[in-house]
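Residue numbers (this note's numbering), protein chains in the order written: chain A, -1 to 224; chain B, -1 to 224.
In structure tokens, the structure reads:
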């Protein structure tokens, strides 16, 4: 493989994906479905955050969830189903990310039921999912305290793409070398505008800020022509 | 993108990579350099494990380290350099994994100095690095306790490729829902033969087992025609 050939392949893949993402975004807007793309490392707590978030807002919104796994014998959608939300499990067949085409395929049926909010639990990976626009209304990144405060420097694209960065497992902060001020400085060097929400999905500490952020974004999105 | 086209591209890339990996493996064998490919999620403690490991064995072996980052303003190689080992920093230009060609390019100069052991700190990612043979003598996977005991089910290929699985941050196990027995069952369903070493790179608990494993593997590799 020479590097020039790789770059050309990637450019063509990205252009194709961007067009499909815009098409899906428009379809979702027409149906009134707000799509939140949730990205993180493996084990940062995506399912726990989503479960608590759904339970916090399910009386106000009709909710669906699509969970992507590269393979997976664990059916995380059982956990989600217990919240009462519509749950879709998508196996990516080894792919390390979701692209817009895969997202559109996975959502094809559920969109016709017009949920207010669809949560997309992307593949656990801080690298590749950042490169592919899924067609989402907003991008959320979850970083957990045990992963360390330097991650915006090591995985810059992921943090650049975030509309909100959730710092999870704050209940464990005394156990790890994680400085929230240092983290914020690193993050701000890459992303001046995103919301930063430290919380614990386990204890509920700080979680109301995430609920408020989401409600506000959904309202903004409904009112504006995005 | 239709899926058939993707698969064909991937197959050709993998075949090309496999040939380059074998070529590098032979070159390393000729020079007497044992290459350990270290893979994990972001934030599982690769650098901390490597630093303690190098300090434990540096009187017995000549050591070099190549660290791969997709970008990176943090120069982790400074931490490694403090151990006295030769340190190489490789920026992958956004790529989510190392392939054999990138590894060979990065190691070209250092191999001529004939280190006994080269540690390859791969990109923090539990998905893509598993797909590309780097030409390493052995593959190590680090999983940290806060990531959860279900990871062999969610990221099966990574755990299938491992010769050793290091369970790091064992000092924090009382803080998280991580059951070592459950983890071992999930792992064994995917990989019957790999060594499992629970330890804490922070406290040193269990670390002697990793040192013993590495020394034994280097001896085996030297004696056998691999």
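Beta carbons: idealized from backbone N, C-alpha and C, even for Gly. Computed from a predicted model, the values in this text were never measured in an experiment.
Please classify residue 57/B as buried or exposed, where buried requires at least 16 other C-beta atoms within 10 Å of its C-beta.
exposed
For residue 32/A, does the three-state DSSP call read helix, strand or coil?
strand
Distance, residue 31/B Cα to residue 161/B Cα
18 Å
One or two residues paired with residue 100/A in a DSSP bridge:
In the DSSP output, where bridge partners are listed per residue, residue 100/A has none listed.
Please list, in chain order, all residues of the same chain as residue 168/A whose beta carbon is under 7 Å from its beta carbon, the five residues on each side excluded.
So the qualifying residues of the chain are 143, 196, 197, 198, 203, 204.
Taking residue 248/B as the reference, which of 123/B, 78/B, 24/B has the closest Cα?
Lying outside -1 to 224, the shown extent of chain B, residue 248/B is not represented and no answer is given.
Please decide whether residue 114/B counts as near chain A, where near means a Cβ-Cβ distance under 8 Å.
no
Candidates 108/B, 82/B, 81/B, 53/B, of which the one nearest residue 88/B by Cα:
108/B
Report the option in 126/A, 91/A, 95/A, 180/A whose CA atom is closest to the CA atom of residue 236/B.
Because residue 236/B is not part of the residues shown, which for chain B are -1 to 224, the question remains open.
Give the DSSP-derived three-state secondary structure of residue 203/A in the structure shown.
coil
For residue 5/B, which of helix, strand or coil comes out of DSSP?
Per-residue confidence for residue 5/B stands at a pLDDT of 40, beneath the threshold of 50, marking its modelled position as unreliable; no derived number is given.
Pull up the CB-CB distance for residue 65/B and residue 55/B, whole angstroms please, since I reckon it's below 8 Å.
The distance from the Cβ of residue 65/B to that of residue 55/B is about 18 Å, inconsistent with a contact at the 8 Å cut-off.
Who are the neighbours of residue 145/B on chain A, taking C-beta pairs under 7 Å?
40, 41
Report the rounded CA-to-CA distance for residue 220/A versus residue 59/A, giving the unit in angstroms.
13 Å
Residue interval of the alpha helix (DSSP H) (run including residue 185/A):
178 to 188
So, helix, strand or coil for residue 150/A, using DSSP?
Here residue 150/A sits in helix by DSSP.
Through-space distance from residue 184/A to residue 217/B, alpha-carbon basis
43 Å
So, with DSSP's three-state summary, where would you put residue 120/A?
coil
Looking at residue 137/A: is its Cβ nearer than 8 Å to the Cβ of residue 159/A?
The Cβ atoms of residue 137/A and residue 159/A sit closer than 8 Å to each other.
From this set, 186/A, 97/A, 215/A, which residue's C-alpha is nearest residue 16/A's C-alpha?
97/A
Going along chain B in order, which residues have a C-beta closer than 9 Å to the C-beta of residue 125/A?
40, 68, 92, 93, 94, 95, 121, 122, 123, 125, 126
Residue closest to residue 36/B, alpha-carbon to alpha-carbon, out of 147/B, 210/B, 22/B, 128/B
128/B
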